[in-house]
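Just so you know, this note's numbering puts 26 at position 20 of the sequence shown, and the rest follows in order with no gaps.
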Amino acid sequence: MAEKALPTDPKYDQYDFPTTAPEPQSGHPGHTTPEQDAQVYQLRSMLEQEGYTQRLDTLTLLRFLRARKFDVNLAKQMFVHCEKWRKEFGTDNLPATFEYPEKPEVFKYYPQYYHKTDKDGRPIYIEKLGKIDLNAMYKITTSERMLQNLVTEYEKLADPRLPACSRKAGKLLETCCTIMDLKGVGVTSIPSVYGYVRQASEISQNYYPERLGKFYLINAPWGFSSFFNVVKGFLDPVTVKKIHVLGGGYQKELLDQVPAENLPVEFGGSCKCEGGCELSDMGPWQEAEWAREPAWAAKEGADATIENADPGYEKKDAEGQEGVQTSA
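Here it is, written out as structure tokens:
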């Protein structure tokens with residue numbers, strides 16, 4: 007399929023980063039058919055008729071349509087369900103208002119963080135499940151606050167992380183590269199880990215569709231492959247193809263995807279951030295050349311909202327931007 011400019015709606019589409027996907031996959035920005043463009047318009051019109059005014063930009067609607075194989079009615083149902091959850095959870099307010107001072111203590115038991123980029127320019131997201139001790143963590147924080155932190159980071163993935171990565175890569179990046187370390191997770195603890203993985207997967211698939219680029223499960227214990235075959239039943243086949251289950255000898259395959267200088271030393275890379283990689287939040291979103299103030303930062307206090315899930319900056323011509331990529 008020939009590459010083309012993203013058909014945009016001036017009311018909702020205000021991007022200051024590239025809007026053409028790097029790979030020519032059907033239904034992805036810059037690689038849509040006239041019928042798919044019409045489906046975006048149809049979905050937006052249906053949602054407007056029901057009173058929705060936020061997150062109706064083309065990139066967002068395309069993600070929901072792809073997640074539902076371009077069935078407009080199913081995509082609409084998914085979008086409406088997501089908006090209901092966002093309102094009940096208070097999602098729009100979290101990036102600007104949620105504070106997590108207990109993070110360093112929580113991370114002693116359950117590190118989960120974004121750190122630099124892979125070779126495709128995607129943000130890297132890392133989780134270490136082996137140290138999870140729920141009893142110890144609940145003396146420091148609550149399950150509700152942990153979930154709020156998870157959602158806050160999903161929102162920050164959409165803005166500012168992905169836009170900054172897209173600017174630096176010169177192509178649209180909409181997904182992330184996830185590394186989930188299972189070191190220390192024994193077969194006996196799999197059920198509790200399974201419960202978390204399923205919950206996190208449901209949040210990701212239902213409310214943040216089309217955000218997974220690559221997923222590496224490393225240090226997988228004996229028997230995990232059998233367990234994963236069960237988990238596959240809850241995942242879309244397209245998602246399953248992105249998942250790589252690796253044992254202790256994962257370094258070569260991981261370094262094929264992640265530059266050594268961007269991968270923490272403990273995983274076979276050479277990165278040693280001052281103060282530790284887990285708390286550094288290093289990446290293009292911290293670099294002045296690529297970073298921009300996120301839209302939610304312009305809102306104040308509890309009234310903070312994210313409009314259209316895009317940065318909302320001065321609109322620029324998409325063709326003049328080509329010159330990007332991609333949560334959990």
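For each residue, glycine too, the CB sits at the ideal point set by N, CA and C. Source: prediction; values computed, not measured.
Residue i by DSSP, collapsed to three states: which one?
i: glutamate 338; result: Coverage of the chain is limited to positions 7 through 334, which leaves residue 338 absent and any answer about it impossible.
i: threonine 311; result: Low confidence applies here, because threonine 311 scores a pLDDT of 38, under 50, leaving its location unreliable; read the following figure in that light. Looking at threonine 311 - three-state DSSP - the assignment turns out to be coil, as it is neither helix nor strand.
i: phenylalanine 85; result: helix
i: glutamate 161; result: helix
i: methionine 186; result: strand
i: cysteine 277; result: strand
i: leucine 140; result: helix
i: phenylalanine 104; result: coil
i: phenylalanine 233; result: helix
i: phenylalanine 23; result: coil
i: phenylalanine 221; result: strand
i: proline 270; result: strand
i: leucine 12; result: coil
Using C-beta distances below 6 Å, list every residue in its chain close to residue i, excluding the 5 sequence neighbours before and after it, in chain order.
i: tyrosine 106; result: Asn155
i: isoleucine 224; result: Asp187, Leu252, Tyr256
i: isoleucine 185; result: Ile132, Tyr222
i: arginine 167; result: Pro129, Trp291
i: aspartate 309; result: Since pLDDT at aspartate 309 reaches only 47, below the 50 mark, its modelled position is unreliable, and no value is offered.
i: phenylalanine 113; result: Glu284
Taking the alpha-carbon of residue i as reference, which of the options has the nearest alpha-carbon?
i: threonine 25; options: Gly96, Lys10, Arg72; result: Lys10
i: glutamate 3; options: Glu280, Gln48, Leu71; result: Outside the shown range of the chain, which is 7 to 334, sits residue 3, and nothing can be said about it.
i: cysteine 283; options: Pro270, Pro290, Glu293; result: Pro270
i: tryptophan 291; options: Ala170, Asp98, Leu188; result: Ala170
i: glycine 289; options: Lys125, His37, Gln45; result: Lys125
i: aspartate 15; options: Gln48, His34, Glu299; result: Gln48
i: threonine 181; options: Tyr160, Arg204, Gly219, Lys162; result: Gly219
i: cysteine 183; options: Glu54, Asp262, Gly96; result: Asp262
i: serine 231; options: Pro243, His250, Phe23, Met152; result: His250
i: phenylalanine 240; options: Ser207, Thr39, Lys278; result: Ser207
Starting from residue i, trace the beta strand (DSSP E) in both directions and tell me its first and last residue.
i: glutamine 118; result: 118-123
i: lysine 109; result: Run containing lysine 109: none in the beta strand (DSSP E); it sits in the alpha helix (DSSP H), 109-112.
i: proline 129; result: 129-134
i: isoleucine 249; result: 249-251
Can you list, in chain order, the residues of its chain whose CB lies under 7 Å from that of residue i, leaving out five sequence neighbours each side?
i: arginine 74; result: Leu80, Ala81, Met84
i: valine 191; result: Leu135, Gly136, Val199, Pro227
Are residue i and residue j close, meaning C-beta to C-beta below 7 Å?
i: glycine 127; j: alanine 175; result: yes
i: lysine 93; j: tyrosine 115; result: no
i: glycine 254; j: alanine 266; result: no
i: alanine 268; j: lysine 122; result: The sequence given here has asparagine at residue 268, not alanine. Their beta carbons are under 7 Å apart, which means asparagine 268 touches lysine 122 by this criterion.
i: aspartate 63; j: tyrosine 18; result: yes
i: tyrosine 120; j: tyrosine 160; result: no
i: threonine 158; j: phenylalanine 95; result: no
i: alanine 27; j: proline 40; result: no
Quick check on the DSSP output: the alpha helix (DSSP H) that includes residue i runs from which residue to which?
i: methionine 52; result: 40-55
i: valine 246; result: 243-246
i: lysine 174; result: 168-175
i: phenylalanine 70; result: 64-73
Can you give me the Cβ contacts of residue i inside the same chain, cut-off strictly under 8 Å, excluding the 5 residues immediately before and after it?
i: asparagine 212; result: Met84, His87, Cys88, Trp91
i: valine 246; result: Lys238
i: methionine 52; result: Val78, Lys82
Looking at chain C, is there any beta carbon in it that lies within less than 7 Å of the beta carbon of residue i?
i: arginine 74; result: Looking at the structure shown, chain C is missing, and only one protein chain is on hand.
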